Amino acid sequence: MTGRLGLTYALLGAAALAVAVLSLAVGAVRVPPGVIINTLFGLDGPTQDFIINASRVPRTLLSALTGASLALSGAIIQAILRNPLASPKIIGINSGAALAVLLAAIAVPDLPLGWQPLIAIAGGIAAVSIVYAMAEFRPISPARLALIGIAVGFTCDAGVDFILVTADTYDISAPMIWMTGSLWGRGWQHLEAVWPFLTVLIALGLALAFRLDLIRLGAAQATSLGMNVRIERLVMLAVATLLAAISVSVVGVLGFVGLIAPHIARALVGGASRQLLPASLLIGAVLVMLADAAGRAILPPIEVSAGVLTALFGAPFFIYLLLNRPSHGDE
Amino acid sequence: MSIRLTDIRAGYDAFRLNDVSVEMRAGMITALIGPNGCGKSTLLKSAARHLDPGPGRVEIAGQDIARIGRRRIARIVSLLPQHPVVPPAISVRDLVAYGRAPHQNLFGFRSAADDRKVDEALDLVELDILRERPVASLSGGQRQRAFVAMCVAQDAPYMLFDEPTSSLDIKYQYEVLDLLRALKSAGKTVVVVLHDIEQAARYADELVVMKDGSFLRRGAPADVVTREMVREVFGIEAKVFPDPNTGTPLISPRDRMSDGAATAARPGCETGRATETVATSKT
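Line by line, the protein sequences are chains A and B.
For the first sequence, this note's numbering begins at 1109 and goes up steadily by one.
For the second sequence, this note's numbering begins at 24 and goes up steadily by one.
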């Protein structure tokens, strides 16, 4: 069992590395592996300093970091809601962020682009806070939290749709690219802005693994095992919300990663959070790096949004996983 | 060293206990019985402080548990909820090991002592050979034993069970009840909500009878389970006689079809109501 787990992690790590190299290689200009190595390690021979160091390295790192964060957030939310269909989207993060960004875009058309991430984070947090406050109004249950999340999400989506059809296209062009989930034009400054927060949050999320396992036993059993379910659930929800909201703020609405990565992880390493969370994290990083690389490689120099590709290729794979999973009739 | 509940008024919006005061004695099996919705589960949950006892007090071994933290409560008293949740893709061993949580730090690092307790618990419920199997793949009876093992691993001296036999086949019901008896032999104080009065009478040292949110009476099964109690609390006419095997009370409801008086009274009443409904709907 331990040997198999070790092998799985080794393979996941190798996959992450391979996809990272691929992500450095592909795009409008193809860079051969030899040149990548020369550039990264300062070796003699042909190099591609600008394309690799200034553009693709930060972009690859950012896609790995946000992919990992979204996947971890999804795994935490699935555990809290005890629902395999849950993801950051289901508690309103994505829709709240999107609505806030669009509202800001039409209210203050001259708003500097640098504000967009902050507004997205605020919108995501605001949506989750509303959901949580309403769910907490009566004794909280995972099902009610999810249902209220969906309702608030739909309300925000209605606002988004309204703005999209009524607003001046010019005002909302930047938000629209962001909304499909894209790493286009993302560079060092974006990575520098988010990595300290995301790294701390990832560490926190991983540290919560054992408590997350207890909460998956249901509130009654978790209480019986000495948990303060209300407070600990709130902390977990806060970590998951921040992970997703910060990621979404820089790379846009990459909704599918948070849903699918934990499922792939569960199929590979089982359901115990101490295995599930790190595996989800690696898979999320691989998925977003892969989607971003593929988006650059398919129709260069045009870029296809990573969000479009994660859904396009992720969804069939997700269905394949669900159909092939051994059933114990419990879900 | 008992569980002493005083003036418990726990409950929900629609239902509250009526200042229940009762004691569950140490080293015994106490069964809470009563009709659906009588408050027996609510009382059990208050005893483990899953519910706020209102103005009342819960003392376990002389200690007021309102004054101590959740983790310490969990080292004194365990409670198996009525419908435990089975998380997907979790092995039996992982599940049982969660029982050690109140003895571990936030990250759940297991000590050698933790591992030993988990192994002992698995042995007790005879699930040792299935330890690597996913809990979700077990039969209903095996699953329930796995959850009992989790409580055993928790190693609290006071162990509460909320209808641990519900939705199990009869064989597994007795398996679980035998486990409770084994726990008592191991020195635990067991309090269990049971639906089946005969099983409660057979396994418990003392019964606590509840009705409509109130405590009715407490005592040895043979004293408590009487024809009058069955009529008053459960609303059925029945003969109560000792089990030829164990001497504990058995309940045989009067057959309504063959009994003149009952046949006349009950279906007549039903028909009357039915006709009335039809009449109302016509107008």
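Yeah, the Cβ is synthetic: ideal placement off N, Cα and C, and Gly gets one too.
Treat the numbers as computed from the prediction; the structure is a model and nothing was measured.
Asked: With 16 other CB atoms within 10 Å as the buried threshold, where does ARG123 of chain B fall?; Found: buried
Asked: Quick one: give me the first and last residue of the alpha helix (DSSP H) that GLY242 of chain B is part of.; Found: It is not in any alpha helix (DSSP H) - GLY242 of chain B instead sits in the beta strand (DSSP E) that spans 237 to 242.
Asked: Taking only the alpha-carbon atoms, compute the straight-line gap between ILE1160 of chain A and GLY1293 of chain A and give it to the nearest angstrom.; Found: 14 Å
Asked: Assuming the contact rule is C-beta atoms closer than 8 Å, PHE1426 of chain A and ILE1368 of chain A should be a hit. Round their C-beta distance to whole Å, please.; Found: 5 Å
Asked: Could you tell me which residues DSSP pairs with VAL213 of chain B in its beta bridges?; Found: B:ILE52 and B:MET182
Asked: Less than 7 Å between C-beta atoms, sequence neighbours within five positions excluded: which residues of the same chain meet that for ASN1191 of chain A?; Found: PRO1250 and ALA1254
Asked: How about SER1171 of chain A and MET1344 of chain A: are their beta carbons less than 7 Å apart?; Found: no
Asked: So which residues of chain A does LEU102 of chain B contact, with C-beta pairs closer than 9 Å?; Found: ALA1328, GLN1329, THR1331 and SER1332
Asked: In its own chain, which residues sit with a C-beta less than 6 Å from the C-beta of LEU1333 of chain A, not counting the 5 before and 5 after it?; Found: LEU1322
Asked: Taking Cβ positions only, does GLY1175 of chain A come closer than 7 Å to chain B?; Found: no
Asked: Looking at the secondary structure, which residues open and close the alpha helix (DSSP H) in which PRO318 of chain B lies?; Found: This structure does not reach residue 318 of chain B, given that chain B is present from 24 up to 306, and the question cannot be answered.
Asked: Kindly list, in the order they appear in chain B, the residues whose Cβ is closer than 7 Å to that of ARG1319 of chain A.; Found: LEU129
Asked: Which first and last residues belong to the beta strand (DSSP E) in which MET1284 of chain A is found?; Found: Unbroken run through MET1284 of chain A is the alpha helix (DSSP H), 1281 to 1287; no beta strand (DSSP E).
Asked: What's the call for ILE1201 of chain A, buried or exposed, on a 16-neighbour Cβ count within 10 Å?; Found: buried
Asked: By Cβ distance below 8 Å, which residues in the same chain neighbour HIS1371 of chain A in space, the five residues on each side in sequence not counted?; Found: PRO1192, PHE1426, LEU1429 and LEU1430
Asked: Is the shortest distance between the beta-carbon of PRO111 of chain B and the beta-carbons of chain A less than 7 Å?; Found: yes
Asked: So if DSSP puts GLU229 of chain B in a beta bridge, which residue, or which two residues, is it bridged to?; Found: B:THR53
Asked: When you compare only the Cα positions, how much space is there between ARG1319 of chain A and PHE130 of chain B?; Found: 7 Å
Asked: Could you tell me which uninterrupted alpha helix (DSSP H) segments, each at least 4 residues in length, are contained entirely in the segment 92 to 153 of chain B, listed from first to last along the chain?; Found: 93 to 99, 115 to 121 and 135 to 147
Asked: Identify which residue in B:ASP75, B:LEU200 and B:ARG98 has its Cα closest to the Cα of ALA89 of chain B.; Found: B:ASP75
Asked: Evaluate contact between the segment 219 to 232 of chain B and the segment 262 to 279 of chain B, counting only Cβ atoms and requiring at least three cross-stretch pairs below 8 Å.; Found: yes
Asked: Is the Cβ-Cβ distance between ALA1387 of chain A and VAL1394 of chain A less than 7 Å?; Found: no
Asked: In the structure shown, what three-state DSSP assignment does THR29 of chain B receive?; Found: strand
Asked: Does the beta carbon of ILE26 of chain B come closer than 7 Å to any beta carbon on chain A?; Found: no
Asked: Taking buried to mean at least 16 other C-beta atoms within 10 Å of its own C-beta, is SER190 of chain B buried or exposed?; Found: exposed
Asked: Mind listing the chain B neighbours of GLY1379 of chain A? Cutoff is C-beta to C-beta under 7 Å, in chain order.; Found: PRO110, PRO111, ALA112 and ILE113
Asked: Exposed or buried, ILE193 of chain B, counting other C-beta atoms within 10 Å across all chains shown (16 or more means buried)?; Found: exposed
Asked: Assuming contact is defined by CB atoms lying nearer than 7 Å, are ILE113 of chain B and GLY1379 of chain A in contact in what I supplied?; Found: yes
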